[in-house]
Structures are given as structure tokens and as C-alpha cells.
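A quick write-up on the structure given underneath.
Number of protein chains: 2
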Amino acid sequence: MKKLINRPQDVVQDALAGVALAHGDRLKVHTAPDYIVRADAPLRGKVAIVSGGGSGHEPLHGGFVGRGMLDAACPGQIFTSPTPDQVLAATRAVDGGAGVLLIVKNYTGDVMNFEMAADLARDEGIVVESVVIDDDVALQDGRHTAGRRGVGATVLAEKICGAAAERRRPLAEVAELCRKVNAGARSMGVALTSCTVPMVGKPTLELGPDEIEFGVGIHGEPGRERRPAASAHDIVAALATAIVDDLPFGRGDRVLAFVNGLGGTPLLELYVVYNELHTLLASRGIVIARNLVGSYMTALDMAGCSITLLRLDDELAALWDAPVVTTGLRWGA
Amino acid sequence: MKKLINRPQDVVQDALAGVALAHGDRLKVHTAPDYIVRADAPLRGKVAIVSGGGSGHEPLHGGFVGRGMLDAACPGQIFTSPTPDQVLAATRAVDGGAGVLLIVKNYTGDVMNFEMAADLARDEGIVVESVVIDDDVALQDGRHTAGRRGVGATVLAEKICGAAAERRRPLAEVAELCRKVNAGARSMGVALTSCTVPMVGKPTLELGPDEIEFGVGIHGEPGRERRPAASAHDIVAALATAIVDDLPFGRGDRVLAFVNGLGGTPLLELYVVYNELHTLLASRGIVIARNLVGSYMTALDMAGCSITLLRLDDELAALWDAPVVTTGLRWGA
Numbered sequence: 008m009k010k011l012i013n014r015p016q017d018v019v020q021d022a023l024a025g026v027a028l029a030h031g032d033r034l035k036v037h038t039a040p041d042y043i044v045r046a047d048a049p050l051r052g053k054v055a056i057v058s059g060g061g062s063g064h065e066p067l068h069g070g071f072v073g074r075g076m077l078d079a080a081c082p083g084q085i086f087t088s089p090t091p092d093q094v095l096a097a098t099r100a101v102d103g104g105a106g107v108l109l110i111v112k113n114y115t116g117d118v119m120n121f122e123m124a125a126d127l128a129r130d131e132g133i134v135v136e137s138v139v140i141d142d143d144v145a146l147q148d149g150r151h152t153a154g155r156r157g158v159g160a161t162v163l164a165e166k167i168c169g170a171a172a173e174r175r176r177p178l179a180e181v182a183e184l185c186r187k188v189n190a191g192a193r194s195m196g197v198a199l200t201s202c203t204v205p206m207v208g209k210p211t212l213e214l215g216p217d218e219i220e221f222g223v224g225i226h227g228e229p230g231r232e233r234r235p236a237a238s239a240h241d242i243v244a245a246l247a248t249a250i251v252d253d254l255p256f257g258r259g260d261r262v263l264a265f266v267n268g269l270g271g272t273p274l275l276e277l278y279v280v281y282n283e284l285h286t287l288l289a290s291r292g293i294v295i296a297r298n299l300v301g302s303y304m305t306a307l308d309m310a311g312c313s314i315t316l317l318r319l320d321d322e323l324a325a326l327w328d329a330p331v332v333t334t335g336l337r338w339g340a
Numbered sequence: 008m009k010k011l012i013n014r015p016q017d018v019v020q021d022a023l024a025g026v027a028l029a030h031g032d033r034l035k036v037h038t039a040p041d042y043i044v045r046a047d048a049p050l051r052g053k054v055a056i057v058s059g060g061g062s063g064h065e066p067l068h069g070g071f072v073g074r075g076m077l078d079a080a081c082p083g084q085i086f087t088s089p090t091p092d093q094v095l096a097a098t099r100a101v102d103g104g105a106g107v108l109l110i111v112k113n114y115t116g117d118v119m120n121f122e123m124a125a126d127l128a129r130d131e132g133i134v135v136e137s138v139v140i141d142d143d144v145a146l147q148d149g150r151h152t153a154g155r156r157g158v159g160a161t162v163l164a165e166k167i168c169g170a171a172a173e174r175r176r177p178l179a180e181v182a183e184l185c186r187k188v189n190a191g192a193r194s195m196g197v198a199l200t201s202c203t204v205p206m207v208g209k210p211t212l213e214l215g216p217d218e219i220e221f222g223v224g225i226h227g228e229p230g231r232e233r234r235p236a237a238s239a240h241d242i243v244a245a246l247a248t249a250i251v252d253d254l255p256f257g258r259g260d261r262v263l264a265f266v267n268g269l270g271g272t273p274l275l276e277l278y279v280v281y282n283e284l285h286t287l288l289a290s291r292g293i294v295i296a297r298n299l300v301g302s303y304m305t306a307l308d309m310a311g312c313s314i315t316l317l318r319l320d321d322e323l324a325a326l327w328d329a330p331v332v333t334t335g336l337r338w339g340a
């Protein structure tokens, strides 16, 4: 294992120290318990949004803290849920009196620990809503999950709900919007190589030189099936068909298409994937009205990509277009 | 070789098609000859800036076309210089009467082809200045280079000169600024793994499981030396010392620190590197006044990073902070 790290057990702490030094003008990094928070939090009267999960998926979630997206993110150790006290401390830190929305990816540890934190926060009088994201069509139940896994829709939900909160929409509406994004989004990924967890030191998934893992999870957990390597055209056809048929998306749908790199795949290839995806969707009468192409939800150094489609209406499109100022996603005034 | 591509010889065309589909609202992708241009080009009275080089370094250069940075980028085939007719066509397309600056990385093919294009453009009456970037301290002469190679300073020069051009500074001043950035910047990189060129199909550089290439080039060309794998602390110490001692940077200098991922390295590790760099520079009395952390100039799927330091004054800092609206770099109103 070759990585740009010091001691494997210190990776998350070392990286958080780097984040604090690089972005101290806009973010505060609290340690023990660890969370990243907007420097201007709490904002009075604004619904606050907190997310988090295991580290190793950067820029998710810490890179999405800022105006128009998250108020705080709780990074666990690599691929390990944050603890309830992290989530509770972050929730306290961002509550501005209008309540807090927790956006949780559907993994057993995350769901349990965020739930516990929500209960503790409610005991302290903080109004908390919690929404679980489960958009991965690959598997019904996974190694770490009851039900479907939460993947790319998380990024979209954080952006869209963040915009709604910025517009001072009330907690019930922001939570409802989060459920709407989750209900209208579907994802699936493919791994060309495994990731390697620093504390383990060897690849999570054994993939032969001509094998790919179809429907892989963001921790390198198995997907639907092992397949022979294939062209971008064929891989995209398989991923997109599984996604489109699941919701299903149909002729006349306007979608946000999110082509996400898993950490070890260069941007050049993601545009090859986007090109294939556009062509396939056009042939089915599905119009890409918005897009996001880049590595936003990664699995350490895994080569591969995921595709997420979100059905758009005017409300979701407008919230997507609203300004966002984070280190990982940034546009608008 | 597993990649998200179709036929290896089509990678660049397929990716450009994806860029055109994803960003057609802001960019125009011209083919045969290939160049990416601002949708609103040419801008009357504004100095235009054109760069380019081999593909495989994305988001460089096409991802930096837009307001406040480049007017056009000329992508060659993978790791292959663009042809003079590409550069000439792009130069014609963006000239708004105030002249055109060509920003060229110091590789033999690039220098020759951009020079030829500059001569042809001048024959047509376009005022052209050309600046060669050569900031890599690793080697004096390389496999593809007479003199030092052009690496990370290219991104900084494109951003800073783009801001100056946006402020309607005249061509001579924008070119002078480009030379100033190049003179005040130094870089060096390290590879943990090789990249694999699609048309070749096997790693460019043979690196053992515990070897790293110190001073690697952005095409996987050899660096200063092969070394045993080391901690981020030791790698950063070696890179930063080589950089700092070369200019030299000294106590009291304010710098822009650019930690760049080479394509296969996750963001998490780049923050570990940034943390080490900050600590080392602080111990030498060098202050990081601005930073950029991410994968902006890549070498396909190579794992590793490069560090660039640029000595800042108030002028450079203000131009760095100016708004930029590209797909690869974006901030400000």
C-alpha cells in the first residue's frame, strides 16, 4: 500500500488538520468530537442541515459545508460511522432556533448513530428531523445495509435542501424536499479497481485484471455481480438501464444527470461516460436538464464511477441552480 | 488496462463530445481542428488568452476556459502537443482586437507548435505574445524538454493572467505578469503509481510496490530518482525543501501553496499533504497567504501529487482573488 499519509490510524486527523489550515477563513474544524462547521454558524432563524458518515468519500461531506449547502458535517474514521456524540455536538453548534435536518446515508451504523443523536438533541429541546437516503438500485440489502444503500443522491439532497434552508423555508418543508429528492433519484456504480483502506493495507475487493464490479458500494463492498471489463458504452448502458428501469424514468422526463468519479478515475473518463449517458437517455426521450460531472462522492482510491439520475421539476431545478459556496461545490453569486 | 473508455484512439474525441454536451451553455467545442472556446468569444477590446497541450491533464486546460481565465484551450491527443492549426484556429476565434497571449508549457512539441501558430497568426495581423512556463525544479532537461518542464505554475498563470485580461489590462502587461508568475513559482511532484496511456495499454513507468518516483513529470516521465515509499511527512519535506531552496523562498515570504493531485490520489490525502506543507513552511517563516488543494493538473490515473509555491505580492493576490467562472475553477460573483 502506497499512500500520501503518515500513520494509517492518523489519516482522518491529519486531513482534518489540513482542512482547518486551508479553509479556516470559512470553516471551523472542531476536534474531539470531530465536526466541520460553517464559520458563521449558528444562523438565527435558518434551518440547519447536518450530514456526515465515514471518511474516505471526500469532498463528501466536509467539502459541502458552507452557504447554500450544509451547516455541519461529522466525519467518522475511514468508512466508519460518526459517533452519536459527534452528531449531537454538531447539531447543537448549528441550531439557530429553526430546527435541524439530519441527512443520513442508509448504512446500519449511520442510521443508528444519527438516530441516537437525534433523540439526545430532542431531549435538549432542539427540533430535529432526519431523512435517510437510499438511492442505490444495485442491491436490496448489502453487507452494511438493511434496504438500499445511500449514494449519489446524498450530494443532490444536500445541495437542494441547503438552498431551501438558505431561503428560510421551514424545517418540515426542507425535510419533505429531502424525501422528494430521495424518492426521485436512483444511482448505480461500477468499480474497475478496489480501494485500499489505510488501516487494512490491502485491497478490499479482489478484482482480476479484466474484471469489474458492477453495482459496487462506496466502501468497496460487493455489488450485483462480477463482470468482464467492457467499453464505456456497454458499462453506461448497463448502469443507466438499471437506473432508468427502476424508478422508472420515462419519455419526457427532465433529469439532473450526475456522473461521479470514485476517487481513482480521471476527469477525462468521466466525460466519456457523460457522453455515453447523454446519448442513451436521448434515445429514450429523457432530457438532461442539469448535470454534474466530477469526483464528489469517492471511495478512497477506487477507480470507477457512479451515475445518479434525479427527476427534476421547476422547484428542484431552481434550488439546484441557487448559489452554493463550499470548498467542494461552488457557483453563483 | 481497465478504463472507462471506448476505443483508445477515440478517448479525446469522446471526452470532448461529453464536454460539449455537459457545458454547451458556456463553452463551444470546435472540432477538426479541436479547440474549446468561451461561448461569448471574441470579446472586443479584451486581451484573449489561449493555452493547450496534450490531453490527459484534465481539468487543465479545457476546464479553465471561461470568464476570468482562458478564452480558449487546444487539446492535443493524450500527452501529445496540439498542432499549429489548432492553436491558430483558436487564436483567430478569440482575438478581439487587443491581442492574444499564448501560455505554453515547456515541452519541445508544445513550444514548437505554439511558436509556429504564433508566427502564422502574426502573418494574419493578429498581435500575439507567447510565454513559456518552466517551473519544475526536478530536472534541468527531461525526455521531452530542453530546460525545465512546465507544470503547476501553468494553472496559477492562467488564473492570474485571466483576471488581468478581464480587467482590460493591455497585452504587454498581461504577458509581463505571466513571466512574473513563472519567475516566482517553483514546483515538484511525486508519483506513487504510474499512469497508463490508453493507446499504450501498459504503465508508462515501472514502479515496484514499495517505490515512488521523486520529481516525476506529468506524462509519467522519470524524475530525479526512484526512492523507497515514505510517509507524507518525509515526502513533503523532500518536495518542499527542493522547491524552497531553488528560488529560494525565505523567511517573511507570502506564498500561494498549490497541492495538486495527479489524478489517482483522493482528496483526503491531499489534505494530509497540505497539513505537512503548512507546518514545514511555518517552521521556515514562510506564510501561506492563499492555497489551492485539489486535482487540477493531472497525469491520467497516476497516484501522487505535486506542490507548487508562488511568491505573492498584493497585485498577484488581488488577481488570484478575482472572480473566475470555469468548469474547473470557480469563485466570486
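Residue numbers (our numbering), protein chains in the order written: chain A, 8 to 340; chain B, 8 to 340.
Even glycine gets a Cβ: it sits at the ideal position worked out from N, Cα and C.
Under the 10 Å beta carbon count, A/Pro49 is surrounded by 16 or more other beta carbons and is classified as buried. Taking 8 Å as the CB threshold, B/Leu11 lines the interface with chain A.
Across the set B/Leu246, B/Thr200, B/Gln84, B/Arg33, the C-alpha of B/Arg33 shows the shortest separation from the C-alpha of B/Leu77.
With a threshold of 16 other beta carbon atoms within 10 Å, B/Glu165 meets it and is buried.
In this structure, A/Met304 sits near A/Thr161, with a CB-CB distance shorter than 8 Å. A/Tyr42 is outside the set of residues whose beta carbon lies under 8 Å from a beta carbon in chain B. In the structure shown, B/Cys312 falls within a strand segment according to DSSP collapsed to helix, strand and coil.
Cβ atoms of A/Asp142 and A/Asn189 come within 8 Å of each other, at about 6 Å.
Neighbours of B/Ala236 in chain A, taken as residues at a C-beta separation under 8 Å, are given in chain order as Lys9. Assignment of A/Glu213 by DSSP, reduced to helix, strand and coil, places it in the coil class. The DSSP-derived three-state label of B/Arg33 is coil. Contact holds between the region 251 to 263 of chain A and the region 281 to 300 of chain A, because three or more Cβ pairs, one in each stretch, are under 8 Å apart. Residue nearest to B/Asp117 within the set B/Ala289, B/Leu178, B/Gln147, B/Val57 is B/Val57 (criterion: CA-CA distance). Nearest to A/Lys53 by alpha-carbon distance, out of A/Ala128, A/Val134, A/Pro89, is A/Val134. Burial state of A/Glu65 is buried, judged by a 10 Å Cβ sphere holding 16 or more other Cβ atoms.
A direct Cα-to-Cα measurement between B/Leu178 and B/Glu136 gives close to 7 Å. Taking 8 Å as the CB threshold, A/Cys312 lines the interface with chain B.
Annotated three-state conformation of B/Asp143 is strand, per DSSP. By the criterion of a C-beta distance shorter than 7 Å, B/Ala245 is surrounded in its chain by Phe221, once the five residues flanking it on both sides are discounted. Note that the region 315 to 326 of chain B does not touch the region 268 to 275 of chain B; fewer than 3 beta-carbon pairs, one per stretch, sit closer than 8 Å. With 16 or more neighbouring CB atoms inside 10 Å of its own CB, B/Arg176 falls in the buried class. The criterion of a C-beta distance shorter than 8 Å is not satisfied by A/Ala247 and B/Val300.
Here the region 280 to 287 of chain A makes contact with the region 231 to 244 of chain A; the two share three or more CB pairs at distances below 8 Å.
A/Ala329 is not a Cβ neighbour of A/Ala192, given a cutoff of 8 Å.
Per DSSP, the continuous alpha helix (DSSP H) segment holding B/Arg186 begins and ends at 178 to 190. Along the region 256 to 288 of chain A, the positions whose C-beta sits under 7 Å from a C-beta of chain B are Gly270, Gly271, Thr272, Pro273, Leu274, Leu275, Glu276, Tyr278, Val279, Val280, Tyr281, Asn282, His285, read in chain order.
For A/Asp308, a Cβ of chain B is located within less than 8 Å of the residue's own Cβ. A/Val138 and A/Val111 have their C-alpha atoms some 6 Å from each other. By the CB criterion at 8 Å, B/Ala198 and B/Gly311 fall inside the cutoff. Scanning chain B for C-beta atoms nearer than 7 Å to the C-beta of A/Ile250 yields nothing, as the closest lies near 16 Å away.
For a Cβ distance threshold of 9 Å, residue set Leu11 of chain B lies close to A/Ile242, ordered along the chain. When the Cα atoms are used, B/Asp92 and B/Val44 turn out to be separated by approximately 15 Å. Contact annotation: A/Ala22 and B/Val279 have beta-carbon atoms nearer than 8 Å. Within chain A, the C-beta atoms nearer than 7 Å to that of B/Gly25 come from Tyr278, Val279, Tyr281, Asn282, in chain order.
Taken in chain order, the whole beta strand (DSSP E) runs of length 3 or more contained in the region 64 to 97 of chain A are 79 to 85. Contact between A/Met195 and A/Ala249 holds: their C-beta atoms lie close to 5 Å from each other, under 8 Å.
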